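Residue numbers (my numbering), protein chains in the order written: chain A, 17 to 216; chain B, 17 to 216.
Number of protein chains: 2
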Amino acid sequence: MPMPEGRPDRRVRRTKALLRSALLELIQEKGYDRLTVQDIIDRADVGRSTFYAHFRDKEDLLLYGLAEIREAFRPGQDTATLQVFEHFARSAEVWRAMVGRRGGELFLRHLHSLLAELIREQLAARAPAGETVVPLEAVVEFATSTLIGLGTRWWLGKGVPLTPQEMDRLYRRLTEPGIRAGLRPAAEPNRRPATASSGR
Amino acid sequence: MPMPEGRPDRRVRRTKALLRSALLELIQEKGYDRLTVQDIIDRADVGRSTFYAHFRDKEDLLLYGLAEIREAFRPGQDTATLQVFEHFARSAEVWRAMVGRRGGELFLRHLHSLLAELIREQLAARAPAGETVVPLEAVVEFATSTLIGLGTRWWLGKGVPLTPQEMDRLYRRLTEPGIRAGLRPAAEPNRRPATASSGR
DNA sequence: TGGTTTCTGAACATACTGTTCAGTTTGGTC
DNA sequence: GACCAAACTGAACAGTATGTTCAGAAACCA
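What follows is the structure, given as structure tokens:
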């Protein structure tokens, strides 16, 4: 259990910092999945037992690094997605290394839940009181998947030369209509759920 | 190198089949990432050297299994996405085990590129001749991310009780407007977005 | 049937993991 | 500056997985 804390020992800070940057470096060099704890402690020049004194395993360390990123996204402005794209652009190399390589999937999973939170707040604020045409959670999933798909897989991944502003416009152009449609209040009078629609 | 075909030796068929179903079983029991080659060959009751005679590693075997799924999606109808949702529903347990657990990310990566292909075909057919407002590839990414996000993470993952038909409608309701907007021809002098009233 | 291919099973070298512990270094504090 | 507690070290260890090799047995197919 984490002690109530009053700032960790300087040695602890040093060690964790060393490990975190070793991880970052190595991710860029070899990709997350080809990485061993051995590599990390070698690079950080830290004793094996020291590593395990602080982190359960490789992923635990990854999560520790992620906490920082979470902060960067926190200030939930109205233009939250733009901030995300800007953050991507600011440290494009790292991100590309994180998500582009084999093994980046794990990282994307964490990123996804992180961004979903952010987006959920935004959408919840926009949603009408009662039920919506499409369940709020589905709209959240829709917006998040797209944000990550476009932002990492396409933009970063393929190195498309667009500015964060342009990306944000593109993102909104694609998602906004769907979000608007999805967040409409579910029809009052006789909306039958299991509508075997005759459409088409 | 793959021989020019002519149907493999019966023993080969048997072995591969054993390994494939062992993999499937074990994925459902322990999840893909907790799985070792050792587990697989134990379950399949196949010699260690035999495994490596056919597959490079765990993932190679996974890909082999995936080829089957690829076939299931191939018949590119106009309602391709409905087929995908139906396929999800048909073997929901397996899919949930595949993508829901830790380690499923790798699987999703492969699924993504598989579905992107499918969707690319569809959209390319709908796209106008020249450039589009949003690059075609971005629209493909948009549609694919959403399909997978909604289909696996939300629908299967959370066990939302909707039929494939309902899912397809939900999917289209969210994506169709964005796709339409994205696929408009670019930079025609003053294309007014008033096209909304046409068919459906 | 007989020649070919595949499977077996065990052995092997290599690598990583996570734990332990006695001994050293460092930090914070009085 | 001295002292205690905490963190770090480094090496060792058991456990487990990997991927390769090979000679002999088994199965296949024509």
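Glycine is no exception: its CB is placed at the ideal position from the N, C-alpha and C atoms.
It should be emphasised that the depicted structure is a prediction, and the values quoted were computed from it without experimental measurement.
If the criterion is Cβ atoms closer than 8 Å, does the pair residue i and residue j meet it?
i	j	result
Leu-39(A)	Gly-81(A)	yes
Pro-198(B)	Leu-190(A)	Checking the sequence, you will find Gly at residue 198(B) rather than Pro. Result yes, Cβ atoms of Gly-198(B) and Leu-190(A) sit closer than 8 Å.
Ala-159(A)	Trp-170(B)	no
Asp-55(A)	Leu-42(A)	yes
Thr-148(A)	Ala-202(A)	yes
Arg-112(A)	Asp-49(A)	no
Val-110(B)	Gln-181(B)	no
Val-176(A)	Leu-186(B)	no
His-103(A)	Ala-83(A)	no
Quick check on residue i: buried or exposed, where buried means 16 or more other Cβ atoms within 10 Å of its Cβ?
i	result
Asp-9(B)	Since the first and last residues shown for chain B are 17 and 216, residue 9(B) lies out of range.
Thr-31(A)	buried
Leu-79(B)	exposed
Glu-157(A)	buried
Pro-144(B)	exposed
Arg-27(B)	exposed
Pro-193(A)	buried
Arg-90(A)	exposed
Ala-254(B)	Only positions 17 to 216 of chain B appear in the structure, and residue 254(B) is not among them; the question remains open.
Gly-120(A)	buried
Since residue i meets chain A, which of its residues come closer than 8 Å, beta carbon to beta carbon?
i	result
Gly-194(B)	Arg-189, Leu-190, Thr-191, Glu-192, Pro-193, Gly-194
Gly-22(B)	Here the premise fails: no neighbours, minimum Cβ distance about 34 Å.
Trp-170(B)	Glu-153, Ala-154, Glu-157
Taking Cβ-Cβ distances shorter than 7 Å, what residues in chain A pair up with residue i?
i	result
Gly-81(B)	The premise fails here: Gly-81(B) is roughly 18 Å from chain A at the closest Cβ pair, so nothing lies under 7 Å.
Gly-198(B)	Arg-189, Leu-190
Could you work out which residues of chain A lie near residue i, taking near to mean beta carbons separated by less than 9 Å?
i	result
Val-150(B)	Leu-186, Arg-189, Leu-190
Which whole-angstrom value describes the C-beta separation of residue i and residue j, a residue pair presumed to lie in contact below a C-beta threshold of 8 Å?
i	j	result
Ala-108(A)	Leu-178(A)	So it is not a contact: roughly 12 Å between Cβ atoms.
Lys-74(B)	Leu-51(B)	7 Å
Closer than 9 Å by beta-carbon distance: list the chain B residues that pair up with residue i, in chain order.
i	result
Gly-165(A)	His-128, Glu-157, Phe-158, Thr-160, Ser-161, Thr-162, Ile-164, Gly-165
Which chain B residues are close to residue i, counting only those with a beta carbon under 8 Å from its beta carbon?
i	result
Arg-125(A)	Glu-121
Any heavy atom of the ligand HEM inside 7 Å of the beta-carbon of residue i?
i	result
Pro-144(B)	Annotation note on the ligand HEM: not contained in the displayed structure, which lists no ligands.
**Request:** Please confirm if the segment 122-129 of chain B is in contact with the segment 158-176 of chain B, defined as three or more CB-CB distances below 8 Å between the two stretches.
**Result:** Result yes; three or more Cβ-Cβ pairs closer than 8 Å.
**Message:** Pairs of beta-carbons, one from the segment 136-143 of chain B and one from the segment 64-78 of chain B, closer than 8 Å: are there three or more?
**Reply:** In short, these stretches do not touch, since the Cβ pair count stays below three.
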